[in-house]
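Encoded as structure tokens, the structure appears first; notes follow it.
2 protein chains.
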Amino acid sequence: MAERVVPEPQRRRRRPTKQGVVLSRQLIVETALRLVGQHGAEALTVRRLGAALGADPSAVYRYFRNTDDLLLAVADELVGRAQHGWRPTGDWRADLREIGLRIHRAYQAHPQAALLAAHRTTGRTHEIRAVEAILGVLRAAGFPDPEAVRIYHAFVDQSLGFAALDAAALALPPAARAADDEVWQAAYGRLAADTHPNIAATAPLLAADMRRSGYPYALELLLEAAASRLPRPGGRPPRP
Amino acid sequence: MAERVVPEPQRRRRRPTKQGVVLSRQLIVETALRLVGQHGAEALTVRRLGAALGADPSAVYRYFRNTDDLLLAVADELVGRAQHGWRPTGDWRADLREIGLRIHRAYQAHPQAALLAAHRTTGRTHEIRAVEAILGVLRAAGFPDPEAVRIYHAFVDQSLGFAALDAAALALPPAARAADDEVWQAAYGRLAADTHPNIAATAPLLAADMRRSGYPYALELLLEAAASRLPRPGGRPPRP
DNA sequence: TTCTCACGTCAATGACGTTGTCGTAAGGTG
DNA sequence: CACCTTACGACAACGTCATTGACGTGAGAA
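Heads up: the sequence lines are chains P and X, in that order. Start counting the first sequence at 1; every next residue gets the next number (our numbering). Start counting the second sequence at 1; every next residue gets the next number (our numbering).
This is the structure in structure tokens:
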């Protein structure tokens, strides 16, 4: 087959499919996201994607080298959606909080895709824009570059890690998901106080807390610790 | 077929396989871990597992309901290995740090398995022991129960989230992994200072930092923020 | 010694990603 | 307007996957 995939700019994009659809990378990415949102992660197969597009499955390979290539495109699309419309306010802590929650939210909206995409570095447009924005917030806040980079790294990986973790929970097949949920009521709710005193003492609190995401609280902890490392915390800037 | 899986206690476990191996749940879990460690995540298929065991693939279904059931067993085994030999020292911050790093380390040792297992709640022995231990550390440190549960949640999910994220990087096929690594040198190293001032200013720092795990630093931030929320931080305990 | 059933093996099913080949119609060219 | 090229959609096929039902055999109970 040699090279099937034609770079986007020099596409002539003719010939609609039998069902009258004109394909494009963008359309395929959007359809993949919709598919995965409607029918779960296991629905994202090339064959089903083809069916959803109204095209032969192999047509997808005219636009993406393979499924991994498609996945990276989906990942970057998610990052882009998270950033869409965001503007810095000048309050670094509020800005980071907003970015973090946006990332988390965007990934939760497409759990099945998030699960596959959160672990990848795409190096594509939307990702680059996000990196630039976050570093900008930290450096403008007054963090020296080495500290800004460390916090950037912790912040981003924390956000993506939680996004993937929480996405995984949402993405489980209903049966396994119910089982995971039940565990906190069942297995942990029944442990005796003499063998497991700490679980027994906190079981209702645990069952309630574990059904929410731990991310917002973890994010606050990170922001708080970062703030305490900011040079001259709250002090006036030095006179010239 | 009805019920193929016989509960472990009432097994009579006769008949070695053609190749003379006597199967057991434990042997299968260990073989799965070894397989995945040697040949990557994609090596963990029932067929290959059968081959590695010296048995017909379908024999695995005599011990595990399906691959998900096997996966949970593998996950719990990882948690068990992380905890193995751990004892509390009485210094809550050192104890949590040690537990966090152990979890991270155990998962990194089996990236392919970690990737699949980190997102699951098993509710099995090793996991229960770990939950009890962590809650014990926090409550003994003096955190009130609701705060202890919130911190427990943030701590565990952050550890597992990073473990999965870092495992994913290690687990990528060599080609994709090299590509991911390159991105920080190539895509981010080449951006112009006028369009991407913050990336340009920190590119070498970024390239250096992103090849390490962000977890240890993120863990310190979490511990630091938690410490600042401890009632009577550093003060003497009240007299009776 | 006999009986039984646990469990290893075999064969089959349907879905998966991916590729080689082919035909055709869209677009450029004159 | 007719011709040619070639992009690209369709088809068919390959090998691998998880999973299951049927089978038969040998270990252990009696």
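Virtual Cβ for every residue (Gly too), placed ideally from N, Cα, C. Values in this document were obtained by computation on a predicted structure and should not be read as measured data.
Show which residues of chain X have a CB atom less than 7 Å away from the CB atom of residue i.
i: residue 201(P); result: 145
i: residue 136(P); result: 198
Can you name the residues of chain P whose CB is closer than 9 Å to the CB of residue i?
i: residue 217(X); result: 150, 151, 153 and 154
i: residue 224(X); result: 221, 224, 225, 228 and 229
i: residue 131(X); result: 188, 196, 198, 199 and 206
Identify the contact partners of residue i in chain P, using a Cβ-Cβ distance below 7 Å as the criterion.
i: residue 183(X); result: 121 and 123
i: residue 139(X); result: 198
Less than 8 Å between the CB atoms is what I'm expecting for residue i and residue j, so what's the real figure, rounded?
i: residue 119(P); j: residue 36(P); result: So it is not a contact: roughly 16 Å between Cβ atoms.
i: residue 112(X); j: residue 27(X); result: Going by Cβ atoms, the distance from residue 112(X) to residue 27(X) rounds to 19 Å, so no, they are not a contact pair.
i: residue 103(P); j: residue 82(P); result: 5 Å
i: residue 145(X); j: residue 191(P); result: Going by Cβ atoms, the distance from residue 145(X) to residue 191(P) rounds to 16 Å, so no, they are not a contact pair.
i: residue 164(X); j: residue 163(P); result: In fact, because the Cβ distance is near 11 Å, the residues do not count as touching under 8 Å.
i: residue 115(P); j: residue 171(P); result: 5 Å
i: residue 183(P); j: residue 123(X); result: 4 Å
i: residue 50(P); j: residue 41(P); result: About 17 Å; that fails the 8 Å criterion.
i: residue 55(X); j: residue 108(X); result: Their Cβ separation, rounded to whole angstroms, is 30 Å, which puts residue 55(X) and residue 108(X) out of contact at 8 Å.
i: residue 228(X); j: residue 224(P); result: 7 Å
i: residue 158(P); j: residue 158(X); result: 6 Å
Can you list the residues of chain X that residue i reaches, using a CB-CB cut of under 9 Å?
i: residue 209(P); result: 146, 149, 150, 152 and 153
i: residue 168(P); result: 118, 119, 120 and 164
Would you say residue i and residue j are within 7 Å of each other, going by their C-beta atoms?
i: residue 199(P); j: residue 188(P); result: yes
i: residue 148(P); j: residue 92(P); result: no
i: residue 65(P); j: residue 57(P); result: no
i: residue 130(X); j: residue 79(X); result: yes
i: residue 61(P); j: residue 25(P); result: no
i: residue 226(X); j: residue 151(X); result: yes
i: residue 77(X); j: residue 22(X); result: no
i: residue 121(X); j: residue 194(P); result: no
i: residue 154(P); j: residue 214(X); result: yes
i: residue 219(P); j: residue 100(P); result: yes
i: residue 53(P); j: residue 31(P); result: yes
i: residue 201(X); j: residue 185(X); result: no
i: residue 196(X); j: residue 8(P); result: no
i: residue 137(X); j: residue 69(X); result: no
So which residues on chain P does residue i lean against when the C-beta distance must stay under 8 Å?
i: residue 158(X); result: 158, 161, 162, 214 and 218
i: residue 44(X); result: Correct list: empty, because the minimum Cβ distance to chain P is about 17 Å.
i: residue 165(X); result: 118, 119, 157, 160, 161 and 164
In chain X, what lies closer than 8 Å to residue i by C-beta?
i: residue 24(P); result: Ordered by position in chain X, no residue passes the 8 Å Cβ test against residue 24(P), which lies about 24 Å from the chain.
i: residue 205(P); result: 145, 146 and 149
Using 6 Å as the cut-off, classify the Cβ of residue i as near or not near the heavy atoms of the ligand MN, replying yes or no.
i: residue 209(P); result: Absence of the ligand MN from the depicted structure is noted, as is the absence of any ligand whatsoever, leaving it without description.
Name the residues in the region 56 to 71 of chain P whose C-beta lies less than 8 Å from a C-beta of chain X; which are they?
68
The region 76 to 102 of chain P: which residues have C-beta closer than 8 Å to a C-beta of chain X, in chain order?
none
Report the residue ranges of all alpha helix (DSSP H) runs contained in full by the region 26 to 66 of chain X; include only those spanning at least 4 residues, in chain order.
46 to 53
Kindly provide the ranges of any alpha helix (DSSP H) runs that are 4 or more residues long and lie completely inside the region 151 to 219 of chain X, ordered along the chain.
174 to 185 and 197 to 209
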